[in-house]
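For the record, the sequence lines run as chains A and B. If you read the first sequence in full-length UniProt numbering, its first letter stands for residue 1, the second for the next number, and so on. If you read the second sequence in full-length UniProt numbering, its first letter stands for residue 1, the second for the next number, and so on.
There are 2 protein chains.
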Amino acid sequence: MLGMFCVRVCSGLVGFRMATCVRTLHSLSGITVAQIDEEVAKLLELKARLGGDDGKHQFVLKTAKGTRDYNPKQMAIREKVFNTIISCFKRHGAETIDTPVFELKETLTGKYGEDSKLIYDLKDQGGELLSLRYDLTVPFARYLAMNKITNIKRYHIAKVYRRDNPAMTRGRYREFYQCDFDIAGQYDAMIPDAECLKIVHEILSELDLGDFRIKVNDRRILDGMFAVCGVPDDKFRTICSTVDKLDKMPWEDVKKEMVNEKGLSEEAADQIGEYVSMQGGMDLAERLLQDHKMSQSKQACAGLSDIKLLFSFLQLFQVTDKVVFDLSLARGLDYYTGIIYEAVLTQAGVAAVSNEAQNGANAEESVSVGSVAGGGRYDGLVGMFDPKGRKVPCVGVSIGIERIFSIMEQKAEASAEKVRTTEVQVMVASAQKNLLEERLRLVTELWNAGIKAEVMYKKNPKLLSQLQHCEESGIPLVAILGEQELKDGVVKLRVVATREEIDIARTDLTSEIRRRTSEA
Amino acid sequence: MLGMFCVRVCSGLVGFRMATCVRTLHSLSGITVAQIDEEVAKLLELKARLGGDDGKHQFVLKTAKGTRDYNPKQMAIREKVFNTIISCFKRHGAETIDTPVFELKETLTGKYGEDSKLIYDLKDQGGELLSLRYDLTVPFARYLAMNKITNIKRYHIAKVYRRDNPAMTRGRYREFYQCDFDIAGQYDAMIPDAECLKIVHEILSELDLGDFRIKVNDRRILDGMFAVCGVPDDKFRTICSTVDKLDKMPWEDVKKEMVNEKGLSEEAADQIGEYVSMQGGMDLAERLLQDHKMSQSKQACAGLSDIKLLFSFLQLFQVTDKVVFDLSLARGLDYYTGIIYEAVLTQAGVAAVSNEAQNGANAEESVSVGSVAGGGRYDGLVGMFDPKGRKVPCVGVSIGIERIFSIMEQKAEASAEKVRTTEVQVMVASAQKNLLEERLRLVTELWNAGIKAEVMYKKNPKLLSQLQHCEESGIPLVAILGEQELKDGVVKLRVVATREEIDIARTDLTSEIRRRTSEA
């Protein structure tokens with residue numbers, strides 16, 4: 001294909017060239033340099049047009065829609081974010097697993113409701129029908145059922161795939177990372193759930209993304225609330241998905257959708273409106289347990305009691321400052337059965353990232369950049385995979401890492417500090433010619449001692465270009481070799497930042513480099 | 001789908017059950033426990049048969065063919081291997097990039113010759129035609145051309161996809177990791193090439209997989225050799241791929257293929273046979289430069305001079321002990337233009353991993369487990385993507401990580417040492433009831449101080465089960481709380497291995513844990 005394209009484009013080009021060249025050649029004897037330049041410019045213009053229009057239809061040098069490469073700078077930021085997240089997961093005793101990027105198509109079928117249309121299928125090339133994973137939760141549940149695991153605390157960081165409408169400047173891609181932490185097992189109520197919130201609190205604090213809030217609710221409270229407000233059973237789910245829009249739409253519009261589109265009575269909608277405006281902490285849960293309507297629902301009461309218990313654990317975990325019991329929180333996914341939560345950044349400084357989506361929201365909410373973490377309890381999902389329907393209760397959280405990357409990248413660009421993309425401690429350099437062998441000998445000594453070192457792949461590089469490379473890539477030290485240093489058995493160690501230079505005995509070099517670059 | 005399966009299988013089961021139950025119920029009054037057991041056994045047998053035959057066609061709980069999950073133990077090994085490899089890449093000053101798991105189909109077209117049939121295509125769901133990446137080299141070349149990068153030293157560790165015949169026990173999968181290190185840029189000859197070999201040497205030594213050898217050859221020497229032996233130009237590639245089989249077949253069979261299948265003259269084959277049996281070092285390159293036939297090929301001479309230069313650098317890098325100039329090495333991929341290399345493990349102890357493939361080979365080769373690393377120089381690939389055909393010389397190496405995982409997993413299983421899957425330093429436990437709150441308070445203190453700590457998610461767990469958990473998962477310390485300890489402001493710190501217990505003032509606890517678990 002590429003080969004064919006080359007031939008086609010080139011022959012086109014040759015055609016153009018020929019015409020121009022023939023003209024040029026005819027007047028070769030009398031041609032001036034200026035005329036040559038003019039002809040060259042014409043040819044180049046033609047060439048650019050070829051590549052710019054016709055060429056484009058033949059071969060496009062790009063990544064697939066909704067995907068991106070990570071360059072070294074972005075990778076350095078990504079690595080930093082991952083390290084923070086993984087350290088936290090490990091601090092809480094999690095193991096890690098990995099699953100394939102594609103699953104049997106039927107493993108994903110019936111798990112995502114309407115969103116199933118966003119699943120990437122593989123072409124039927126004979127053999128099994130496969131699909132790219134849509135999230136990490138369903139493969140996790142499949143893994144537990146397949147291996148009959150009833151207890152595990154695991155994290156999984158990997159890419160997932162959704163044929164959604166990408167909005168890449170706001171960190172919404174078709175290929176994106178999820179960082180999931182889940183606790184599976186039959187335990188006493190709300191202890192693992194509270195730990196998930198503690199983890200979100202730790203990660204968002206450590207990443208230093210500005211102030212945040214973690215909204216908490218419970219699927220049972222929502223269902224109970226719908227029941228006591230007079231929502232027919234078969235409308236729970238659709239009304240729930242309308243409530244879910246409250247972070248993007250004002251109540252009036254949400255109510256309109258409920259009444260006009262979903263056919264709910266105005267009275268029921270108004271009752272829901274009253275509840276979903278409520279925010280608080282343990283006190284709100286206590287008040288609602290006394291609420292004459294809410295208390296009629298067994299489900300709601302079970303949820304409210306668990307919220308109370310949850311807050312008592314959150315107090316012990318010292319994270320109640322950021323956690324809000326918010327009756328308007330209604331996460332979309334079908335598989336949640338109990339507590340649900342979502343973390344949002346509230347700092348105005350990063351609002352630009354996604355404030356498009358916020359128009360119409362009230363003043364306080366308009367500064368949020370949307371959800372950066374979310375999760376909840378899903379006690380039924382593993383049972384869907386088990387041949388005997390055996391349930392494994394699970395609770396988990398997923399960190400929305402792409403939005404965090406977007407914010408971190410913007411911060412890095414705004415900051416004066418340079419992002420280093422390598423960890424090189426020292427550059428082995430020389431000011432004189434014919435010292436390639438000596439440089440290679442020295443860099444070998446350093447590598448063998450575990451020092452991160454570089455040497456230029458040139459026989460006789462200029463000292464200036466070697467020093468420039470250090471400046472550009474943030475290498476702090478240069479080990480300079482010359483005839484004199486070799487004779488004296490020393491190396492001249494130069495500190496790039498200060499330009500200070502000192503002679504170090506060759507035998508002491510590695511320990512001196514280690515001392516000067518240790519981050520203690 | 002899953003729902004439907006359940007209904008169908010269950011109704012089948014109900015049918016069987018009904019018949020059995022009806023019989024059972026008729027004699028309910030006089031039934032014995034033994035009879036019940038018998039009936040239950042019959043039912044279970046029926047159920048198993050259902051699940052084993054009919055059930056299978058409806059819903060299979062498995063991963064896609066040729067893929068696997070990594071469980072926490074495998075992940076711990078994988079992490080260790082990756083850390084060794086990444087440390088080495090970083091020690092040599094590499095940056096890292098990432099590219100999407102799928103590319104435009106046309107990006108991969110025309111790069112892999114016959115192997116193109118092994119590429120996974122995505123289903124055409126509207127929009128672009130996409131394929132899963134087949135290796136990391138072609139996406140790297142696309143990345144360089146697209147971003148007009150002419151100089152980079154990068155590593156990339158990611159999964160690639162090949163619809164090949166899997167042989168999973170020997171570490172051959174359809175989804176597998178590649179660990180690639182490449183140096184792109186116009187540099188002085190053989191310096192980056194030598195560094196790639198130094199890297200292979202460092203990684204294989206550090207992974208401690210037993211003895212190994214790195215075979216080196218040059219595409220130009222092969223082509224020159226074919227020319228001087230009288231192979232027609234249009235047969236270079238096919239004869240080359242026959243030579244590539246020498247590590248799996250004896251010379252007699254390779255010759256037969258050349259003569260009988262590829263139509264080469266017996267005389268030419270015999271001449272090739274003489275050359276490809278040659279192995280050596282710099283001396284062999286020197287000898288061949290004097291060889292009356294070989295020296296007639298300019299190409300071969302260029303390759304041989306570079307091999308000489310390469311060995312001089314390898315001497316400085318102190319890695320010649322493992323490197324062999326081997327004229328039988330002929331790597332398959334089309335895009336190589338200069339030096340090529342391949343590392344093989346030679347230790348008998350790990351031969352079991354792939355000795356199937358070795359029958360017919362000679363005694364020395366029969367102990368090799370096949371290639372664990374390979375690479376070479378490809379100066380033309382980036383130019384295939386550049387609209388103006390601008391070349392960016394590249395040399396790189398790919399570590400065959402799945403085979404290494406297989407070996408490491410076997411070693412781990414054979415060894416008595418337990419693989420830890422978490423890094424938890426301390427378990428917060430209690431021997432008494434009603435101390436959940438106190439345990440949560442203490443574990444919060446530890447987490448907030450950066451200690452990796454766990455607590456059981458039970459109100460009143462038994463001390464024994466808490467200690468057992470430590471034994472099983474290798475947690476070295478237990479911080480035990482009781483009424484007395486709380487009163488005294490201390491924590492009882494128990495060393496799991498020795499069962500030694502000492503009281504530590506609560507204020508000193510984190511530093512004491514850190515002291516006892518630091519790996520200095």
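For each residue, glycine too, the CB sits at the ideal point set by N, CA and C. The structure presented is a predicted model; accordingly, all values stated were derived computationally and were not measured.
Under DSSP, the beta strand (DSSP E) around residue 176 (chain B) begins and ends at which residues? 175 to 184
According to DSSP, is residue 26 (chain B) part of a helix, a strand, or is it coil? Because residue 26 (chain B) carries a pLDDT of 40, less than 50, the predicted location of this residue cannot be relied on, and the following value inherits that uncertainty. Helix at residue 26 (chain B).
Using beta-carbon positions only, say whether residue 487 (chain A) and residue 504 (chain A) come within less than 9 Å of one another. Contact flag unset, no.
What are the residues in the region 89 to 102 of chain A lying within 8 Å of chain B by C-beta distance? 90, 91, 92, 93, 94, 95, 96, 97, 98, 99, 100, 101 and 102
With C-beta atoms as the reference, is residue 137 (chain B) less than 9 Å away from residue 381 (chain B)? yes
Quick test of the definition: if touching needs 3 or more C-beta pairs under 8 Å, does the region 212 to 226 of chain B touch the region 322 to 336 of chain B? yes
Helix, strand or coil at residue 125 (chain A) according to DSSP, with G and I counted as helix: coil
Here's the rule I'm using: 16 or more other beta-carbon atoms within 10 Å means buried, otherwise exposed. How should residue 201 (chain A) be labelled? So residue 201 (chain A) ends up on the buried side.
Residues of chain A with CB closer than 7 Å to the CB of residue 130 (chain B), please, in chain order. 64
Work out the CA separation of residue 180 (chain A) and residue 196 (chain A) for me, nearest whole Å. So the two alpha carbons sit approximately 10 Å from each other.
Does DSSP classify residue 147 (chain A) as helix, strand or coil? coil
Does any C-beta atom of chain A lie closer than 9 Å to the C-beta of residue 175 (chain B)? Yes, residue 175 (chain B) counts as interfacial toward chain A.
Nearest to residue 264 (chain B) (by Cα), restricted to the options B:285, B:239, B:251 and B:282: B:239
If you measure from the beta carbon of residue 424 (chain B) to each beta carbon in chain A, is any gap under 9 Å? yes
Please list, in chain order, the chain B residues whose beta carbon lies closer than 7 Å to that of residue 162 (chain A). At a C-beta separation below 7 Å, residue 162 (chain A) has no neighbours in chain B, since its nearest C-beta there lies roughly 12 Å away.
Take residue 296 (chain A) and list the residues in its own chain whose beta-carbon comes closer than 6 Å to its own, dropping the five residues that flank it on each side. 228
Inter-residue CB distance, residue 343 (chain A) and residue 374 (chain A) (contact presumed, cutoff 8 Å): 7 Å
What number of angstroms, rounded off, separates the C-alpha of residue 159 (chain A) from the C-alpha of residue 422 (chain A)? 24 Å
Please tell me whether residue 511 (chain A) has its Cβ less than 9 Å away from any Cβ of chain B. no
What does the Cβ neighbour count give for residue 250 (chain A), buried or exposed, with the cut at 16 atoms within 10 Å? exposed
Taking 9 Å as the threshold (beta carbon to beta carbon), is residue 321 (chain B) in contact with chain A? At a cut-off of 9 Å between C-beta atoms, residue 321 (chain B) does not count as an interface residue with respect to chain A.
Kindly indicate which three-state DSSP category residue 55 (chain A) falls into: helix, strand or coil? Because residue 55 (chain A) sits at a pLDDT of 39, beneath the cut-off of 50, its placement in the model cannot be relied upon, and the following sentence gives the value as read from the coordinates. Correct three-state label for residue 55 (chain A): helix.
Assuming residue 503 (chain B) is part of the beta strand (DSSP E), what are its boundary residues? 501 to 505
Leaving aside the five residues before and after residue 404 (chain A) along the sequence, list all residues of the same chain whose C-beta is less than 7 Å from its C-beta, in chain order. 81, 207, 209 and 372
Coil, strand or helix - residue 157 (chain B) by DSSP: strand
Using 8 Å as the threshold, is the region 442 to 458 of chain B in touch with the region 497 to 515 of chain B, meaning 3 or more CB pairs across them? yes
Using C-beta distances below 6 Å, list every residue in its chain close to residue 419 (chain A), excluding the 5 sequence neighbours before and after it, in chain order. 73, 76 and 412
Would you grab the beta carbon distance between residue 339 (chain A) and residue 216 (chain A) for me? Rounded to a whole angstrom, and I think it's under 8 Å. 7 Å
Spatial neighbours of residue 255 (chain A) within its chain, please: CB distance less than 7 Å, with the 5 preceding and 5 following residues excluded, ordered by chain position. 269 and 273
Which of the three DSSP states is assigned to residue 187 (chain B) in this structure? coil
According to DSSP, is residue 167 (chain B) part of a helix, a strand, or is it coil? strand
Who does residue 217 (chain A) pair with in a DSSP beta bridge? A:340
When you compare the CB of residue 69 (chain A) with every CB in chain B, is at least one pair closer than 9 Å? yes
CA nearest to the CA of residue 182 (chain B), picked from B:143, B:518 and B:230: B:143
Taking any Cβ of chain A, which residues in the region 111 to 124 of chain B have a Cβ under 7 Å from it, in chain order? Answer set for the region 111 to 124 of chain B: 120, 121, 122 and 123.
Is the CB-CB distance between residue 454 (chain B) and residue 475 (chain B) below 9 Å? yes
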